[in-house]
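S.K.:
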Amino acid sequence: MVNSVEVWYEKRMNGVWFLDLWQAKCNQDPATVFPDWNPREDRIGILSPHDDDALLGAGYAILAGRELGVAVCVMVVCNGCAGYSTAEQKFSIVEIRRRETLEAYSRLGLAPEDIHRFDVPDFSAAARIPWELPGNEEGIIADLIAELRRRRVTRFFIPNGYREHLDHEAVYDLGRYASSQTGDAILVDYAEPFAVRSVHVYSVWGDFPPALAEGAPPELRANKAVVVPQGWEEKVRDGIRAFRSQGAIIENLAKAREGRGCSEGFLELYQDLDPRPNLDYGPYVSAVNRILRGQVLKI
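Quick note, the sequence shown lines up with residues 19 to 317 if you use this note's numbering.
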């Protein structure tokens, strides 16, 4: 008997494929990318250093979440104040980009309440992360932990922290540490603790860190992917076009999207991240026992 959930997935996700690249696995089940996927409980959150980064690097994840019927939110850290290409925009660019952000993500089906802004000045994310800032102000990690809990995010996307941008690196660190704290029985007055189930790194433009790809084929640092039909790619490009003030800045990134094309459509890549890996004492115990018995240990 055919599983009714599988039939629903195939009907709803026609032309969309979820892949585990390292295991050479491909199907239409979201669990291939999101372990133990549960459409009744899962919610997707995307942490975006700047307003357009989530669209550029995780646009298909947004669309997939919408098609699967789960809540999707985008959390924008920086306010875009450095993104002006003419001197006349210097004092209006933040408000311009705020309007463009709402328009861009609405084209992918998100409402204004699906967007949360931290309003940190560009190139300043690293300095705003700590819990307590000078002057007894709270850093953005407090706001992020509370926001993840309030929205009950289970699948969390964070930006690539490997040689992309000063703010991208800072937001990567912010995301990986905040995500491991949301389920802990701490800071209980910052919304009810609620655990993130999986963390995924997305690339805005740079390659993924090699350290997280140990043992994988050197040319495949990402281990997960989603392949979507051309119509989905057109939706993302339509969203990108809403950032009219950023045309000259992201022109090359928009052109680079042509490289995503494959035989079945267009692909988006992710790298799984365990933000809090447990220490396995087994190999160490084995090594210590051999040394204590006088055996030569080859490393």
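Using N, Cα and C, we set each Cβ at its ideal position, and we do this for glycine too.
#1: In angstroms with no decimal places, state the Cα-to-Cα distance between Ala240 and Ala196.
#2: Got a sec? Which residues, its chain only, sit under 6 Å from Arg61 by beta carbon, not counting five neighbours each side?
#3: Exposed or buried, Thr104, counting other C-beta atoms within 10 Å across all chains shown (16 or more means buried)?
#4: Over what stretch of residues does the alpha helix (DSSP H) that includes Trp250 continue unbroken?
#5: Which parts of the stretch 178–202 are runs of the alpha helix (DSSP H), unbroken and 4 residues or longer, counting only runs that do not cross its ends?
#6: For the beta strand (DSSP E) that Asp38 lies in, which residues bound it at each end?
#7: Under three-state DSSP, which class holds Gly98?
#8: Output needed for Ala234: all residues of its chain with C-beta closer than 7 Å, excluding positions within five of it in sequence on either side, in chain order.
#9: Roughly how many angstroms separate the alpha carbons of Phe36 and Phe226, rounded to a whole number?
#10: On the DSSP bridge list, what partners appear for Lys273?
#11: Tell me, please, whether the stretch 69–80 touches the stretch 42–50 by the rule of three or more beta-carbon pairs shorter than 8 Å.
#12: Mind checking whether Ile163 and Ile147 have CB atoms under 9 Å apart?
#13: Just to confirm before moving on: does the CB-CB distance between Val217 and His183 stay below 9 Å?
#14: Between the Cα of Ile111 and those of Ala122, Cys99, Thr119 and Glu121, spot the shortest distance and give me the residue it belongs to.
#15: Could you have a look at Arg61 and say whether DSSP puts it in helix, strand or coil?
#16: So is Phe136 buried or exposed if we call it buried at 16+ other beta carbons inside 10 Å?
#17: Return the residue from the list Ala82, His68, Pro53 and Glu131 that minimises the CA-CA distance to Asp185.
M.R.: Well, looking at it:
#1: Locating residue 240 in the sequence shown gives position 222, counting from the first residue. Locating residue 196 in the sequence shown gives position 178, counting from the first residue. In a straight line, the C-alpha of Ala240 is about 22 Å away from that of Ala196.
#2: Here the question's residue 61 lines up with position 43 in the sequence shown. Closer than 6 Å at Cβ, skipping near neighbours: Val88, Ala89, Arg170, Val171 and Thr172.
#3: On the sequence shown, position 86 is the one that residue 104 refers to. Thr104 comes out exposed.
#4: Position 232 of the sequence shown, counting from 1, holds the residue named residue 250. Note, Trp250: alpha helix (DSSP H), Gln248 to Arg259.
#5: Counting only runs of 4+ residues, the alpha helix (DSSP H) found wholly inside the stretch 178–202 occupies 184–199, in chain order.
#6: Locating residue 38 in the sequence shown gives position 20, counting from the first residue. Per DSSP, Asp38 is one residue of the beta strand (DSSP E) stretching across Trp35 to Asp38.
#7: Residue numbering aside, residue 98 sits at position 80 when the sequence shown is read from its first letter. Three-state DSSP puts Gly98 in coil, outside helix and strand.
#8: Taking the sequence shown and counting its residues from 1, one reaches residue 234 at position 216. Result list for Ala234: Trp40 and Asn241, in chain order.
#9: Locating residue 36 in the sequence shown gives position 18, where the first residue counts as 1. Locating residue 226 in the sequence shown gives position 208, where the first residue counts as 1. Taking the straight line joining both Cα atoms gives about 19 Å.
#10: Counting from 1 along the sequence shown, the entry for residue 273 is found at position 255. DSSP lists no partner for Lys273.
#11: With a cut-off of 8 Å, the stretch 42–50 and the stretch 69–80 do not count as touching, because too few Cβ pairs lie within range.
#12: Counted from its first residue, the sequence shown places residue 163 at position 145. Counted from its first residue, the sequence shown places residue 147 at position 129. With contacts defined by Cβ atoms closer than 9 Å, Ile163 and Ile147 do not form a contacting pair.
#13: Taking the first residue of the sequence shown as 1, we reach residue 217 at position 199. Taking the first residue of the sequence shown as 1, we reach residue 183 at position 165. His183 is positioned such that its CB atom lies no closer than 9 Å to that of Val217.
#14: As a position in the sequence shown, residue 111 is number 93, starting the count at 1. With distances taken between CA atoms, Ile111 lies nearest to Cys99 out of Ala122, Cys99, Thr119 and Glu121.
#15: Looking up residue 61 in the sequence shown gives position 43. Under the three-state reduction of DSSP output, Arg61 falls in the coil class, being neither helix nor strand.
#16: In the sequence shown, residue 136 corresponds to position 118, counting from 1. Burial call: buried.
#17: Looking up residue 185 in the sequence shown gives position 167. Selected option, being the one with the closest Cα: His68.
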